[in-house]
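Single-structure report; data block below.
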Amino acid sequence: MSGDGTPLPEIVEVRGEIYIPLAAFRELNRRREAEGEPAFANPRNAAAGSVRQLDSNITASRPLNIYAYGVGAVSGYEFSSEWDVLQMLKRWGFRVDERNALCRDAAECLDFYHALAEQREQLPYEVDGVVFKVNELAMQQQMGLRTRSPRWAVAYKFPAHRETTRIKDIVVSVGRMGALTPVALLEPVEIGGATVQRASLHNQDEIDRKDIRIGDTVVIERAGDVIPYVVKAIAEVRTGDERKFQLPATCPVCGTEVLRVEGEPVVHCPNIDCPAQLQGRIVHFASRRAMDIEGLGEKLVAQLVESGLVEHLPDIYDLTVQQLASLERMAEKSAQNLLDALEASKQTTLTRFLYSLSIAHVGEYVARLLAEHFGTLLAVAEAGYDELVAIKGIGPEIAASVHNFFGEERNRQIISDLLDRGIRIEQAKTAAATLAGKTVVFTGALHGFTREEAAEQVERRGGRVTSSVSSRTDYVVVGENPGSKYQQARELGITTIDEEEFRELLGNS
Ligand SMILES: [Zn+2]
């Protein structure tokens with residue numbers, strides 16, 4: 006039985022379109038940038054790449070969504086029409102896009118097409134057109150198939166949001182987390198109702214692979230409110246005056262030598278004190294899983310930096326009530342609350358502190374690995390590349406990034422200034438056998454871990470992870486969109502815990 010009591014057929018093969026909503030796409034890219042990973046060019050590439058992953062844990066960690074639109078093999082139910090298919094899929098509990106319509110003739114089809122084309126820019130996901138299908142399945146049968154496609158369905162695409170223009174120059178922008186991104190400055194061109202003058206080229210590999218040069222005539226694509234990107238250069242119209250581009254070896258903002266790891270596409274400015282990165286690094290430093298400074302959000306950080314009250318990260322600990330109260334929209338009460346939150350943040354853990362430093366590739370999980378392995382900040386800072394890369398879970402990219410970060414004089418200075426402001430780092434406990442003999446099952450997606458990482462954490466503490474729930478299961482960890490295991494756990498009376506409780510169980514909440 007499905008959610009509303011409709012009986013389910015014996016067999017039904019459901020077809021659908023996997024996609025990433027635009028909001029989730031932007032969040033995904035923001036997170037990747039924060040962890041020093043390359044951004045995806047567009048939601049379509051991101052979704053396709055996620056589904057193709059060999060490691061299903063990675064796929065599970067991506068914000069994929071699906072709209073069911075059709076069926077394959079069915080037994081135990083007789084569909085009469087496409088419309089019936091959509092209605093039944095919905096009743097059986099599948100996600101079906103509400104933006105469909107039953108049209109009686111070609112004119113109504115066209116009306117639907119034009120209405121959707123108008124909404125296109127406001128839709129929460131990208132669309133490239135409409136598919137019209139003959140409704141009655143009996144008629145579909147009569148019409149039959151061509152070699153590669155049915156005669157009873159036709160795709161009517163929206164005009165592509167693509168134009169050609171010329172690259173006037175390529176400049177380098179330094180992101181909030183230090184990633185150097187080459188940006189094409191374009192002869193202004195109108196695409197889908199907006200004037201486009203800049204397009205991201207992502208990284209040097211992308212430029213080399215597409216052989217994009219300064220002066221090239223290029224095809225630009227823009228979809229929804231996603232950043233426009235360069236599809237390809239049109240080599241046939243080159244004049245010979247085009248110039249190749251190479252990312253600089255130093256940060257264009259602060260002059261620090263950039264970090265370029267072999268085989269990795271994104272280049273970083275590793276200077277924690279780089280002015281281009283100050284705001285982003287402070288926001289990350291203050292975030293909940295880092296130093297957890299409540300009230301120190303994006304807007305306030307922007308105000309603090311723009312007003313000159315904060316020029317370096319440690320300056321946040323020197324702020325006074327008077328200074329804060331002088332800012333717009335800041336009452337004395339909230340100023341005092343912020344100072345209290347800053348004071349409270351000084352008592353912290355090594356995992357949090359390492360995570361808060363925005364070291365490329367050091368997310369929460371890697372920070373925890375480092376903390377558990379080395380125990381003290383000094384030991385992490387002094388660790389050699391070979392020592393780092395020998396740790397299970399730390400690859401060459403991470404090891405190089407950590408080693409390079411602590412090798413940078415300015416970074417050491419900032420850390421020492423932070424410690425001078427009274428930050429006290431608890432000695433990290435190496436993982437104790439807190440889950441000895443316990444059996445844990447996961448269902449649904451977790452935010453802070455991939456499945457593999459979560460399982461490893463359990464095993465490090467002497468526990469065991471199994472894939473199915475039984476009466477011998479001790480805990481079922483319930484993430485987002487849990488599957489049937491959640492129901493089974495409840496039926497068997499097994500303790501279910503959420504991600505936060507799971508962290509507590511691990512002993513590093
Ligand atoms: Zn820099």
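Numbers given in the numbering used here equal positions in the sequence shown, counted from 1, plus 5.
From the three backbone atoms N, C-alpha and C, an ideal C-beta is built for every residue, glycine too.
Note that the structure is predicted; figures quoted are calculated from it, not measured.
Would VAL139 and TYR161 qualify as a contact pair, given that the criterion is a beta-carbon distance under 7 angstroms? In this structure, TYR161 does not lie closer than 7 angstroms to VAL139 by Cβ.
Between which two residues does the alpha helix (DSSP H) containing VAL194 stretch? From DSSP, VAL194 is part of no alpha helix (DSSP H) but of the beta strand (DSSP E) over 184-196.
Under 7 angstroms, do MET182 and ALA39 count as touching if we go by C-beta distance? yes
Roughly how many whole angstroms lie between the Cα atoms of PRO26 and ASN70? 7 angstroms
Contact check, ILE219 vs ASP174 under 8 angstroms by CB: the rounded distance? 6 angstroms
Which residues mark the beginning and the end of the alpha helix (DSSP H) in which SER473 is found? Where SER473 is concerned, there is no enclosing alpha helix (DSSP H), given that its DSSP letter is neither H nor E.
With a threshold of 8 angstroms, are at least 3 pairs of Cβ atoms found where one atom belongs to the stretch 12-31 and the other to the stretch 45-57? yes
Would you say LEU343 and GLY300 are within 7 angstroms of each other, going by their C-beta atoms? In terms of Cβ geometry, LEU343 and GLY300 form a close pair [threshold 7 angstroms].
Given ASP246, which residues of its chain have a CB within under 7 angstroms of its CB, disregarding the five upstream and five downstream residues? GLY220
Tell me the rounded alpha-carbon separation between GLU195 and PRO164. 13 angstroms
C-beta atoms of THR356 and ARG373 nearer than 7 angstroms: Result yes, Cβ atoms of THR356 and ARG373 sit closer than 7 angstroms.
According to DSSP, is GLY285 part of a helix, a strand, or is it coil? helix
Where DSSP assigns a beta bridge to ASN70, which residues make up the other side? DSSP, once it has assigned bridges, lists TYR24 as partnering ASN70.
Under the assumption that LEU190 contacts GLN202 (Cβ atoms under 8 angstroms), give the Cβ distance between them as a whole number of angstroms. That pair is a contact at about 7 angstroms.
Grouping DSSP H, G and I as helix and E and B as strand, with all else coil, what is LEU206? coil
Does the distance from the C-beta atom of GLU269 to that of GLU413 stay below 7 angstroms? Result no, Cβ atoms of GLU269 and GLU413 do not sit closer than 7 angstroms.
Give the secondary structure of ARG265 by DSSP, where H, G and I count as helix, E and B as strand, and everything else as coil. coil
Given that a residue counts as buried once 16 or more other Cβ atoms are within 10 Å of its Cβ, and exposed if not, what is LYS304? The residue in question, LYS304, is exposed, as its Cβ has fewer than 16 Cβ neighbours within 10 Å.
SER363 to VAL288, Cα distance in whole Å? 10 angstroms
Looking at the structure shown, is HIS273 part of a helix, part of a strand, or coil, going by DSSP? DSSP places HIS273 in strand when its eight states are reduced to three.
Less than 7 angstroms between C-beta atoms, sequence neighbours within five positions excluded: which residues of the same chain meet that for LEU329? Only MET335, ALA340 and LEU343 meet the Cβ criterion.
Within 10 angstroms of its Cβ, does ASP278 collect 16 or more other Cβ (buried), or is it exposed? buried
Ignoring anything shorter than 3 residues, give me the beta strand (DSSP E) runs that lie fully in the stretch 50-117, in order along the chain. 70-80
Applying the criterion that 16 or more other CB atoms from any shown protein chain within 10 Å of the CB defines a buried residue, is GLY468 buried or exposed? buried
Quick test of your reading: TYR74 and GLY149, contact by CB under 8 angstroms. State the CB separation rounded to the nearest angstrom. About 21 angstroms separates the two Cβ atoms, so there is no contact after all.
Three CB pairs or more closer than 8 angstroms across the stretch 316-332 and the stretch 370-390: A contact is defined here as three or more CB-CB pairs under 8 angstroms, and the stretch 316-332 fails this definition with respect to the stretch 370-390.
Is any non-hydrogen atom of ligand 1 found closer than 6 angstroms to the C-beta of ASN416, if you look at the structure I gave you? no
When you compare each of ASP89, LEU121 and PHE137 to ASP110 by their alpha carbons, which one comes out closest? The candidate whose alpha carbon is nearest that of ASP110 is PHE137.
Assuming VAL177 contacts LEU252 (C-beta within less than 8 angstroms), just tell me the rounded distance between them. 6 angstroms
Along the chain, where does the alpha helix (DSSP H) that runs through ASP479 open and close? It is not in any alpha helix (DSSP H) - ASP479 carries neither H nor E in the DSSP assignment.
Helix, strand or coil for GLY468, going by three-state DSSP, please let me know. In this structure, GLY468 counts as coil in the three-state DSSP scheme.
DSSP three-state assignment for PHE290, whether helix, strand or coil: helix
Contacting residues, own chain, Cβ-Cβ under 8 angstroms from VAL56 (five flanking each side not counted): ILE23, THR64 and LEU69
Bridge partner(s) assigned by DSSP for GLN352: According to DSSP, GLN352 bridges with ARG429.
Using the three-state DSSP reduction, which class does PRO155 fall into: helix, strand or coil? strand
Using a Cβ-Cβ cut-off of 6 angstroms (strictly less than) and excluding sequence neighbours within five positions of ARG460, which residues of its own chain qualify? What sits at residue 460 in the sequence shown is Ala, not Arg. When the five nearest sequence neighbours on each side are left out, the beta carbons in the same chain lying within less than 6 angstroms of the beta carbon of ALA460 are those of VAL470, in order along the chain.
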